[in-house]
Structures are given as structure tokens and as C-alpha cells.
Amino acid sequence: MHFGIKPHQGGDDWKEVVVETKLAEELGFDSVFFGEHHGVDWPQFSSPMLVLAALAGCTSRIRLGTSVLLFPLHSLMGVAEDAALLDVVSEGRLILGLGAGYLESEFDAFGVERSERAARLEEGIPLLRSLWAGEEVTHQSARLKLDRFRLNPLPHQDGGPEIWYGGWEKTPVRRAARLADSYFPGPSGNREKLRICYRIYHEALEEGRGEPSCRPLMRDVVLVRDAAERRRAEEGLVRLFKEGYSAFGHQNVNMDTFQEELRRGDRCFLGEAEEVIDQIHSYREEFGIDYLVIRVQNEMTRGERGREMIREFSQKVMPEFV
1 MHFGIKPHQG GDDWKEVVVE TKLAEELGFD SVFFGEHHGV DWPQFSSPML VLAALAGCTS
61 RIRLGTSVLL FPLHSLMGVA EDAALLDVVS EGRLILGLGA GYLESEFDAF GVERSERAAR
121 LEEGIPLLRS LWAGEEVTHQ SARLKLDRFR LNPLPHQDGG PEIWYGGWEK TPVRRAARLA
181 DSYFPGPSGN REKLRICYRI YHEALEEGRG EPSCRPLMRD VVLVRDAAER RRAEEGLVRL
241 FKEGYSAFGH QNVNMDTFQE ELRRGDRCFL GEAEEVIDQI HSYREEFGID YLVIRVQNEM
301 TRGERGREMI REFSQKVMPE FV
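First residue of the sequence shown: 1, per our numbering; consecutive thereafter.
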């Protein structure tokens with residue numbers, strides 16, 4: 001089983017991001033991920049590709065992923081070229097996680113019609129693969145015109161980086177099976193939502209690209225030492241989901257049921273190391289996940305306490321799945 005990490009991000013404490021990323025590489029994590037949002041008051045960077053390019057220069061092994069890049073907000077060529085160059089700079093370490101986005105304010109800010117999300121994804125992802133493969137591409141649509149265009153430089157990875165695709169409804173989940181290398185559920189959905197989406201995904205795989213490259217999942221993780229820390233962690237997670245999802249009308253988060261879902265283990269992996277190990281085993285057995293990305297953005301996991309938790313996870317939890 002592989003393990004990735006989505007550390008603290010956003011704000012102005014860049015040094016903390018570098019420290020946590022280098023620590024994750026030292027402790028044996030396989031990857032580090034950064035997301036994208038614009039004009040919102042929660043911890044996210046606006047350009048995960050820039051962040052990963054900077055981190056490529058101070059790491060050597062750990063893979064670098066977006067979780068997720070809001071593809072419809074960007075030009076196809078911008079994503080194709082930036083991803084290829086980042087893959088070259090990092091010597092083949094890029095994982096390109098893509099999503100459709102959902103905040104109307106972000107589409108307004110970029111001058112993109114939200115209703116065009118699906119069309120941009122359906123057109124763009126196959127073109128990414130053709131460009132990364134070094135093909136001479138001719139294509140014309142309402143959004144772009146390519147006349148015998150070749151990408152230069154090509155990605156370090158043959159055919160380009162893996163594409164992981166996230167989404168929570170039938171159409172995007174089926175899109176992941178058809179166009180992406182893996183379906184990448186984020187931390188917002190509860191266990192029942194995962195069941196529904198994985199069922200759709202497995203059915204769609206037969207008409208898609210075949211067996212996925214891996215079966216990743218992102219979950220919030222907090223290791224606690226006592227009852228007091230557990231209470232603090234629960235309170236922090238409630239605030240995180242309320243301010244980062246519910247306040248924006250995210251379909252997956254109902255704050256009336258959130259705390260009960262949290263205590264049942266249907267939302268996050270929370271507890272002492274042994275409890276978290278059992279929770280991961282349970283999800284692995286039910287969903288077949290083989291790549292867990294832990295999100296450590298709880299306010300209790302900042303600074304030295306957060307680094308202690310990352311060390312503890314690598315020493316007590318990860319060895320159980322080797």
C-alpha cells in the first residue's frame with residue numbers, strides 16, 4: 001500500500017510547507033499533494049503547479065501531485081505545457097489530479113462559464129494525452145485551434161503523468177473510468193457516498209480504460225493520545241468542514257449529521273494509532289484502496305505537534321500495510 005500526504009497549505013508560512021514536505025519524503029511517504037482554490041478564506045494555494053515546481057527543487061524522491069487542479073478554469077495548452085515542464089523538472093514525479101470545480105465565484109473570476117465544465121474536460125483530457133505522447137495534433141473547436149501542433153518539451157514520463165480524476169456524481173465518476181488512470185475521491189464524501197461512487201466506477205471500468213493504475217483515496221487523519229486531544233481534533237474537524245464545505249453549499253456535507261458520522265468513522269480516520277489502523281483496514285477491505293493520501297489540515301496538526309503526528313503515522317501506522 002502506498003501513502004501520500006496533503007500537508008498544511010495556504011497562508012504565508014511557506015517555510016512550514018517545505019519542512020513538512022521534506023519530512024514526509026524522509027519518513028517514506030510516496031507523494032505529496034496540493035489543491036487549488038481562488039478567493040476563498042480557507043487554507044489552499046491558488047497555483048498547485050507553482051508550489052510543486054518549487055518543491056521539486058528541494059526534494060528528490062517523493063512524487064508531486066495536484067489534488068485537484070481545477071482543469072476547466074485553465075487553458076488546455078497552459079495545463080499541457082506546465083504539466084510537461086513540471087514533469088521534466090521533477091524527473092518524472094508528477095501525478096496530475098484533475099477536477100471540475102464547483103464554486104460559481106471561481107468561474108466568474110476566470111471568465112469561464114460554469115456550464116462549460118463537462119465540455120472542457122471531455123475535449124481537454126484526450127488532447128492532453130495526445131500532446132504528451134508527442135503526436136502532431138490538429139484540432140478545432142469553439143475554444144481552441146491547433147494546426148499540426150507538437151508539444152515541446154515532452155514530459156519525462158513516457159506518455160505523460162498519470163491523471164487521477166475526482167468527482168462525486170454519476171457523470172464525473174464515469175468520466176474517471178473513461179478518461180483517467182484512476183478515480184480519486186477526496187475527503188468530503190462520507191462512507192455511504194463512497195459506496196455509491198465506487199459502485200458506479202466499477203461498473204464503468206468495463207467500458208473505460210480498463211483496470212486503474214491504482215485505487216487512491218484521500219481522508220483526513222488525526223492521531224490522538226488522549227480524550228482531550230480527541231475532543232480538540234473533533235472540534236477542529238467540525239470547523240474545517242463547516243467553513244470549507246458546508247458554508248459553500250457543498251453537496252456532500254450535512255453538519256446536522258457530521259459529528260455522528262465522525263464518531264462512527266464514516267468521515268475521517270481519527271483516534272489512537274491502533275484505531276486508525278483498524279479504520280484503514282476496514283476501508284481497504286470494503287473499497288480495495290491501495291493508495292491512501294492523508295490530509296493533515298486540522299488546526300491541531302500544525303507546527304511541531306503536527307510533525308510529531310506525521311512521524312507517529314509513519315512509524316506506527318504505515319508499517320502495518322507494507
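Even glycine gets a Cβ: it sits at the ideal position worked out from N, Cα and C.
Please read all numbers here as calculations on a predicted model, not as lab measurements.
For residue 257, the uninterrupted alpha helix (DSSP H) segment begins and ends at 255–264. Comparing alpha-carbon positions, the option among 146, 72, 299 and 135 lying closest to residue 114 turns out to be 72. Assignment of beta-bridge partners to residue 220 by DSSP yields 295.
Taking C-beta atoms under 8 Å as the contact rule, residue 134 and residue 150 qualify, at a distance of about 7 Å.
Membership of residue 162 in the beta strand (DSSP E) is indicated by the continuous run 162–165. In its own chain, leaving out the 5 sequence neighbours on each side, no residue places its CB closer than 7 Å to the CB of residue 15. Under DSSP, residue 269 forms a beta bridge with 221. Under the Cβ criterion (8 Å, minimum of three pairs), the stretch 299–317 counts as touching the stretch 18–29. In this structure, 48 is the residue among 196, 48 and 246 with its C-alpha nearest to the C-alpha of residue 97.
Here residue 187 really is in contact with residue 219; their C-beta atoms are around 6 Å apart, less than 8 Å.
Secondary structure note for residue 95: its beta strand (DSSP E) is the uninterrupted segment 94–99. In this model, residue 215 and residue 280 are separated by some 14 Å (Cα to Cα). Taken through DSSP and simplified to helix, strand or coil, residue 3 comes out as strand. Residue 170: member of the alpha helix (DSSP H) spanning 170–179, first to last residue. Check the Cα spacing between residue 167 and each of 68, 159 and 132: the tightest is with 68.
The closest CA to that of residue 153, considering only 217, 92 and 38, is found on 92. Residue 226 holds the alpha-carbon nearest to the alpha-carbon of residue 273 among 195, 139, 20 and 226.
Excluding its 5 nearest sequence neighbours in each direction, residue 126 has C-beta neighbours in its own chain below 8 Å: 179, listed in chain order. Exposure of residue 58 is indicated by the presence of fewer than 16 other C-beta atoms within 10 angstroms of its C-beta.
Residue 140 is bridged by DSSP to 145.
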